[in-house]
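Structure first, commentary second.
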Amino acid sequence: MRRTVPLVITFIAGTFMIVSFFFHEGSIPHKLAGRVKDWGIIIAAFAVVLGTGNIIRVSLHKARRGEDRAYKIVLLVCLFTTMGLGLVLGVDPRIHKSWLIGTWREGHYNPFDWIYNQVQLPLGATMFSLLVFYITSAAYRAFRVRSLEAGILLGTAVLVLLGQIPFMSYASVGDVSMDSIMYWIMKVPNVAAKRAILIGAAMGIVSMSLKIILGIERSYLGGD
Amino acid sequence: MEWLSRIDRRWLYLVMAAVIIVPFLTQTTFKGPPSQSAKTIYHAIESLPPGAVVLVSADYDPGSEAEIYPMNVAIFHHLAHKDVRVICTQLWPQGRPLVEKALAKVYYPAGKKYGKDFVNLGYKSGGQLLINKMVESIRAPFPTDVFGTPVDRIPAMRGVESLKDVALVISLSAGTPGTKEWVQQAQAKLGFPLAAGVTAVTAPDIFPYLNTGQLIGILGGLRGAADYETLVDRPGRGVRGMGPQSTGHLLIVLFIVLGNIGYLLARRKAKGGDG
Amino acid sequence: MTVLALTWQQAYHDGGIWVAAILTLAIFSFLYRDNPVYKLAEHIFVGVAAGYTVAYAYWQVFVPNLWYPLHGLYRGSYPGRGTEEWWWTLLLHVPAALGLLFFLRFSRRFSWLSRWAIAFLVGAYAGVNLIAYFQSDLILQTKGTFVLLDPARLAEDGWYKVLALNIPILIGVLASLTYFFFSKPHRGVLGVSARTGIFFLMAAFGASFGYTVMARISLFIGRLQFLSYDWIYPLFDLKPPLS
Amino acid sequence: MPSIAVDSLSPVTIWGYPLAKAVMGVLMATFFAFILYYTLKARKGREVYVRPIAGLAAMNEAVGRATEMGRPILYVPGIADVSDIQTIAAIVILGEVAKIAASYDTRTIVPTRDPLVYPIAEETVKNAYTDAGRPDAFRRDDVRFLSDDQFAFTAGTTGIMLREKPATNLFMGAFWAESLILAETGFLAGAIQIAGTANVSQLPFFVAACDYTLIGEELYAASAYLSKDPQLLGSLKGSDLAKVLFGVLILLGVACANLPYLNRLLDRVFGLPAYELLFRFN
Chain A
1 MRRTVPLVIT FIAGTFMIVS FFFHEGSIPH KLAGRVKDWG IIIAAFAVVL GTGNIIRVSL
61 HKARRGEDRA YKIVLLVCLF TTMGLGLVLG VDPRIHKSWL IGTWREGHYN PFDWIYNQVQ
121 LPLGATMFSL LVFYITSAAY RAFRVRSLEA GILLGTAVLV LLGQIPFMSY ASVGDVSMDS
181 IMYWIMKVPN VAAKRAILIG AAMGIVSMSL KIILGIERSY LGGD
Chain B
225 MEWLSRIDRR WLYLVMAAVI IVPFLTQTTF KGPPSQSAKT IYHAIESLPP GAVVLVSADY
285 DPGSEAEIYP MNVAIFHHLA HKDVRVICTQ LWPQGRPLVE KALAKVYYPA GKKYGKDFVN
345 LGYKSGGQLL INKMVESIRA PFPTDVFGTP VDRIPAMRGV ESLKDVALVI SLSAGTPGTK
405 EWVQQAQAKL GFPLAAGVTA VTAPDIFPYL NTGQLIGILG GLRGAADYET LVDRPGRGVR
465 GMGPQSTGHL LIVLFIVLGN IGYLLARRKA KGGDG
Chain C
500 MTVLALTWQQ AYHDGGIWVA AILTLAIFSF LYRDNPVYKL AEHIFVGVAA GYTVAYAYWQ
560 VFVPNLWYPL HGLYRGSYPG RGTEEWWWTL LLHVPAALGL LFFLRFSRRF SWLSRWAIAF
620 LVGAYAGVNL IAYFQSDLIL QTKGTFVLLD PARLAEDGWY KVLALNIPIL IGVLASLTYF
680 FFSKPHRGVL GVSARTGIFF LMAAFGASFG YTVMARISLF IGRLQFLSYD WIYPLFDLKP
740 PLS
Chain D
743 MPSIAVDSLS PVTIWGYPLA KAVMGVLMAT FFAFILYYTL KARKGREVYV RPIAGLAAMN
803 EAVGRATEMG RPILYVPGIA DVSDIQTIAA IVILGEVAKI AASYDTRTIV PTRDPLVYPI
863 AEETVKNAYT DAGRPDAFRR DDVRFLSDDQ FAFTAGTTGI MLREKPATNL FMGAFWAESL
923 ILAETGFLAG AIQIAGTANV SQLPFFVAAC DYTLIGEELY AASAYLSKDP QLLGSLKGSD
983 LAKVLFGVLI LLGVACANLP YLNRLLDRVF GLPAYELLFR FN
């Protein structure tokens, strides 16, 4: 029972989504499939509560054990402040009237939006820009000509890197300009390999989905 | 030469930072001929008949502003000097303020009139489904512009019922939904010329469409922006970015070479020891 | 009053720039090594982002997609009873129930029920993905390989140019596909083909690498622009060169 | 997720039914038949050969190393949500990896980015430890929801790498820009790293910075390799046959699309526009 029912649910849900595709657009199964796709985000909204509960629990456990206590307290304070402001004032840049706060401060700047723009966005953008440096060290230590394959990867990488530099566009090998070499790489091997990976991955996806729907692959549900 | 393979990574970081920051502060830059792809887009806009309608779909956000916004400005500069009508739409909600910024920077100073020469229809959700609808009708999903003016009362929209009435679509895209969706949902059906300005990361993924002729050209990353700024002779963030960008690229190539020299030396030494 | 309002706004704006600038530098300090300042920024980041997610999920998902429709349903205001939309709204109880099942995980006796929600989601998405990828990646990419001798292109570029472009693509696609053969040893013809495939794959990776480097440097320049034009230049009343 | 838009793109119908969908249905049925045939055959006990994949062969050793060092392993199931099959593949592999880890009595730390992936991953790890007969070794705090924000998640995960010092990092699933941040930090922390993704743009970084990398479809095949379940291995063979089918289709398509004579001939013989029938399936 504990094991069979989930497998049956998976089978029915998956089969329905496949079969509905073959109905005409506008038919009931087709529409239902469209709605089911939207359900995912609703269910995920419930899971957000679970996930946040997990963050709070893990942080509290650590704080209690004295591991990084101050940091964990900062984390929790930031979490509750942001969450509280957002839940009460809404997530728009300007505060809207709501049943919670009535017309109080309606139309004012929303501090929740400030936190997003001045804390979360810059932190994310800076984390992102650290990549320049990681690329630097990876280029130095990892891009080694260990084999012919690695050599090809390196060769194309260097060609494309140089090809992006404006004055390198004047360079040429014999009659063939740097630009056209780069374009050839982008238009031929790049396209061919990407296509093969997409086709191969799509086959992997199709066969994996089929196995999940039929219950052949079920390790994610665990034992009894 | 032993030290080559034992350099602390922080020295590498420091050199990299210096190599980008110095040309950034001194505003050093490098110029070069624009790429073929940028020229194709330039000529496509150049050869538009007077009164033609161009749709600019700005599907990017602050995260990709550094790469796409300069392209947006450069393309607006070009369009503003032509006698064409521009319709702006956005598939990404965060795209709207960026387009408005670009319009404020280029269109109003050029003496163009909002509503007559250009119009911003704003953001609508739906991604590829939205594009799909626009093939049949632009007015159904966009009954008003961003100011709430009904489309029927906007002179710039006169005679524009669907994408069939558009002479050129420019997709400024940082991901999904973006250029790929424009090709699959609209270009494949109507065959209008489609130009793309994309982030460098997405550029390799849309090259297949250049092969099939579904895209007339691709502006990829900051270099694409610089190319277009050069073509319209309006150097901005793109051209100025080419300084740090070029030195950064050269340094990475140098590091790859140095790393390999260290590696080959170490290997030779290891071999010698065995023999 | 106006003066006070102005200064408040100024503080709101300038304070924001300062906070953003300091946090930016805190993250960069990680490049030297892990340190308390970075660690603090990291914990602030995780905390703020988690709080943001809850508020966002509440206002942008829960309220418009579940609360409003169900509220309307029970009050009978919208949609009209018996209409198609009414039935769809009624069905919203299914995701709501599945979502609630997750909370049974905290019960020792009923935690197994939360597997139903997982089973439903995994099954439904497996079905959706199967169709979506079969159609867009498998079939469209296969078909994309067909176009070799486009007549329009032939007239324009000449046949040798078109062939020089398209024959290697065809070979590359087929060879790279053989690399993904799992049930045959890569020896003989298959071995040669798979090896050729790897060459194509590696060239594509190299190309992606080159383009990605460009994007990442642009990002760093973006941060530099923020630090200098938005933060430091105004401090000394300098005018940023072009925006 | 890729698009579904067949109806609107294809006006061609056969017996009133959109031709594109019909062709797709036939191809799909063939694909299914291949996979089911070999799965059933494997169930009857036919040995299936599979070529070695270095990254998977090293998996046991990588987990064993963590055990020897008395440190946990870190498993990141990508940053996509459950609607991406890569994530589900990652969860399935997680089940196998957690089983190995449980049998070695090693902790498995799983940071997740999607709120829905979090309960699924927790359930999977818990079940794996139970199946391995060590339900007591499972610690609830080890499966964590870190953040919905891409880089907050990255910051949190690198924090785990630096402070809890996992000896082995496994990155399986869909990754974007964070791939290199994770892989480089893991390298600096001295961990063995195995990655697997079908996100083409991130593969060069994993190939460069990790010890082993699973490319594209190898990720989907991984669970069959690790579980050694004959049925799953059999399905790989079915999938290979489908590759042959599509290879032939590509060649046929190329021939038909480019040799007008052949196309006309087929048209005459079958009385149907053969090219239309076979290849107008976008």
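Note that the protein sequences, when read in sequence, are chains A, B, C and D.
As numbered in my numbering, residues 1 to 224 make up the first sequence, in order.
As numbered in my numbering, residues 225 to 499 make up the second sequence, in order.
As numbered in my numbering, residues 500 to 742 make up the third sequence, in order.
As numbered in my numbering, residues 743 to 1024 make up the fourth sequence, in order.
Each residue gets a CB set at the ideal place from its N, CA and C atoms; glycine is no exception.
Checklist entry - Going along chain A in order, which residues have a C-beta closer than 9 Å to the C-beta of PRO432/B? => result LYS187, ASN190, VAL191, LYS194, ARG195
### Simplified DSSP state of CYS312/B, which is helix, strand or coil
strand
Can you tell me the Cα-Cα spacing of LYS783/D and GLY976/D, whole angstroms?
7 Å
Given that ARG717/C touches chain B, what residues does it touch there, using C-beta distances under 8 Å? Just to set this straight, residue 717/C is Ser in the shown sequence, not Arg. What SER717/C touches in chain B: ALA290, GLU291, ALA424, GLY445, LEU446, GLY465, GLN469.
- Item | Integer Cβ distance of GLN260/B from ASP285/B, believed to fall under 8 Å | Their Cβ separation, rounded to whole angstroms, is 29 Å, which puts GLN260/B and ASP285/B out of contact at 8 Å.
- DSSP on SER504/B, reduced to helix/strand/coil? The first residue shown for chain B is 225 and the last is 499, placing residue 504/B beyond what the model contains.
Exercise. Using DSSP bridges, identify the partner residues of ASN344/B.
Key: CYS312/B
Length of the line joining the Cα atoms of GLY499/B and ILE485/B:
Residue confidence for GLY499/B is low, a pLDDT of 41 falling below 50, so the modelled location carries little weight and cannot support an answer.
- Task: Scan the segment 291 to 311 of chain B for residues whose Cβ lies nearer than 8 Å to a Cβ of chain C and list them as they occur along the chain.
- Result: GLU291
Original post:
So the alpha helix (DSSP H) ALA450/B belongs to, where does it begin and stop?
Top reply: 445 to 456
### Short-range partners of chain B found in the segment 154 to 178 of chain A, where Cβ spacing is below 8 Å
LEU154, ALA157, VAL158, LEU161, LEU162, GLN164, ILE165, PRO166, PHE167, MET168, SER169, TYR170
ask   = Closer than 8 Å, CB to CB, is ILE480/B near chain C or not?
value = no
ask   = Would you call the CB atoms of PRO819/D and ALA863/D closer than 8 Å?
value = yes
Would PRO861/D count as contacting chain C if we go by Cβ distances under 8 Å?
yes
Buried or exposed by the 16-neighbour rule on C-beta atoms within 10 Å, applied to SER219/A
buried
* Go ahead and pull the three-state DSSP assignment for GLN935/D. => strand
* With DSSP run on the structure shown, which of helix, strand or coil describes PHE619/C? -> helix
Query raised in the report: If we count the other Cβ atoms within 10 Å of its Cβ and call it buried at 16 or more, is LYS72/A buried or exposed?
Result: buried
Relative to chain A, which residues along the segment 565 to 596 of chain C have a C-beta separation below 9 Å, given in chain order? LEU565, GLU583, TRP587, LEU590, LEU591, VAL593, PRO594, ALA595
Rounded to the nearest angstrom, how far is the Cβ of ILE668/C from that of ALA192/A, given a contact under 8 Å?
-> 5 Å
ALA47/A at chain F interface by Cβ criterion, 8 Å
Structure shown: chain F not included; protein chains present are A, B, C and D.
_Using only the alpha-carbon positions, how far apart do ILE936/D and VAL949/D sit?_
10 Å
For ARG902/D and PRO853/D, which I take to be in contact (beta-carbon distance under 8 Å), what is that distance rounded to the nearest angstrom? According to the sequence displayed, residue 902/D carries Ile and not Arg. Between PRO853/D and ILE902/D the Cβ distance is about 6 Å, and since that is below 8 Å, they are a contact.
Compute the beta-carbon to beta-carbon distance between ALA45/A and GLY626/C, rounded to the nearest angstrom, for a pair I have assumed lies under 8 Å.
Not really, about 22 Å apart at Cβ, beyond 8 Å.
**Request:** Specify, as a first and last residue, the run of the beta strand (DSSP E) that LEU850/D falls within.
**Result:** Rather than Leu, the amino acid found at residue 850/D in this sequence is Thr. Its beta strand (DSSP E) spans residues 850 to 854.
request  = Assign ASN628/C to buried or exposed, taking buried as 16 or more other Cβ atoms, counted over all protein chains shown, within 10 Å of its Cβ.
outcome  = buried
Margin query: For GLN509/C and VAL243/B, what's the separation of their Cα atoms in angstroms?
Written below: 35 Å
Using a Cβ-Cβ distance cut-off of 8 Å, determine whether ILE95/A contacts chain C. no
Item to check | Residue environment, ALA328/B, which counts as buried when at least 16 other CB atoms sit within 10 Å | outcome: exposed
**Message:** Given this structure, state the Cα-to-Cα distance separating ALA540/C from GLY550/C, to the nearest angstrom.
**Reply:** 15 Å
Notebook entry, point to check: Going by the CB atoms, is the gap between LEU978/D and ALA966/D shorter than 8 Å?
Noted result: yes
Worksheet item: Based on Cα-Cα distance, which residue from PRO861/D, LEU912/D, LEU904/D, ASP890/D lies nearest to ASP883/D?
Response: PRO861/D
Going by DSSP, what residue range makes up the alpha helix (DSSP H) through ILE902/D? 892 to 905
Review point. Quick one: is LYS841/D buried, meaning 16 or more other Cβ sit within 10 Å of its Cβ, or exposed?
Key: buried
Next on the checklist: Suppose you measure from the CA of GLY84/A to the CA of LEU522/C; what does that come to, to the nearest Å?
Outcome noted: 22 Å
Practice task
Find the residues of chain C that neighbour ARG502/B, judging by a C-beta separation of less than 9 Å, and give them in chain order.
Solution key: With chain B represented from 225 up to 499, any question about residue 502/B goes unanswered, as that position is not in the structure.
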